[in-house]
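Taking this note's numbering as reference, the numbering of the sequence shown is continuous, increasing by one, and the terminal residue is 171.
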Amino acid sequence: MLICIFTSCASKPNISGKGDLCGFVIDENNLPVSDFVISASRNKGLWNHTITNSEGMFVFPDSGFGNYSFKGSKNYFMKLKEVNYAFYDKGKIYCFQINSIDKALDEVEKMILCEDFERAEEILNQISVRKKSQGEILISFYKEYIRNAKNDMKTEKEKIKNEKL
């Protein structure tokens with residue numbers, strides 16, 4: 007997952023006040039992701055939630071300056087893991103690039119080919135899907151495939167080890 011930040015000017019950390027905390031969520035093709043639930047928490051406080059519009063834009067109006075954590079999700083996209091930013095500049099726009107399930111599964115397949123099963127499983131665990139959906143079935147298939155591949159590798163290693171002795 008790639009996270010981009012665009013700023014308009016230098017900020018001063020000891021500024022007090024409020025502003026609209028806003029940004030965009032885009033996919034791997036730089037297209038807007040609508041209906042992405044984004045959550046923000048100031049200084050480890052309560053989480054506020056909003057949803058991106060059709061242009062992928064989100065706004066937390068009249069937000070106090072300070073340190074914020076962001077996280078979010080949408081079905082068939084990778085989850086936005088919690089990230090932290092300092093908000094002291096009203097001109098700052100946050101941009102989060104999130105992979106779709108298609109891109110994520112392409113990465114999983116590459117990781118499987120490289121036998122990097124742990125990374126493949128990490129990616130699978132970061133994809134948001136509804137329970138009992140086609141997406142959940144597909145992810146379960148990949149997880150089972152990885153489990154079998156790990157067992158096959160373990161068996162092959164043991165055979166080779168025993169042959170050498």
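Note that beta-carbon positions come from the ideal geometry of N, C-alpha and C, so glycine has one too.
Residues that residue i bridges to, as DSSP identifies them
{"i": "VAL89", "result": "PHE76"}
{"i": "PRO38", "result": "ILE32"}
{"i": "GLY70", "result": "LYS24"}
{"i": "PHE83", "result": "SER106"}
{"i": "PHE64", "result": "GLY29"}
Where residue i falls: helix, strand or coil (DSSP)
{"i": "GLN132", "result": "coil"}
{"i": "ASN59", "result": "coil"}
{"i": "SER47", "result": "strand"}
{"i": "ASN54", "result": "strand"}
{"i": "SER106", "result": "strand"}
{"i": "ASP112", "result": "helix"}
{"i": "ASP158", "result": "helix"}
{"i": "LYS165", "result": "helix"}
C-beta atoms of residue i and residue j nearer than 8 Å
{"i": "PHE64", "j": "THR58", "result": "yes"}
{"i": "ILE133", "j": "VAL31", "result": "no"}
{"i": "PHE83", "j": "ILE107", "result": "yes"}
{"i": "PHE123", "j": "ILE166", "result": "no"}
{"i": "VAL135", "j": "ASN81", "result": "yes"}
{"i": "GLY70", "j": "ARG48", "result": "yes"}
{"i": "ILE118", "j": "ALA155", "result": "yes"}
{"i": "PHE102", "j": "GLY29", "result": "yes"}
{"i": "PHE93", "j": "LEU27", "result": "yes"}
Rounded straight-line distance, which links the Cα of residue j to that of residue i
{"i": "GLY62", "j": "ASN36", "result": "10 Å"}
{"i": "ASP112", "j": "SER139", "result": "19 Å"}
{"i": "SER79", "j": "THR161", "result": "38 Å"}
{"i": "ASP95", "j": "ALA126", "result": "38 Å"}
{"i": "ASP41", "j": "MET159", "result": "41 Å"}
{"i": "LYS85", "j": "LYS77", "result": "8 Å"}
{"i": "ASP68", "j": "ASN131", "result": "34 Å"}
{"i": "SER45", "j": "ASN168", "result": "53 Å"}
{"i": "LYS116", "j": "LYS109", "result": "11 Å"}
{"i": "ASN90", "j": "ASN73", "result": "7 Å"}
{"i": "SER146", "j": "GLY97", "result": "43 Å"}
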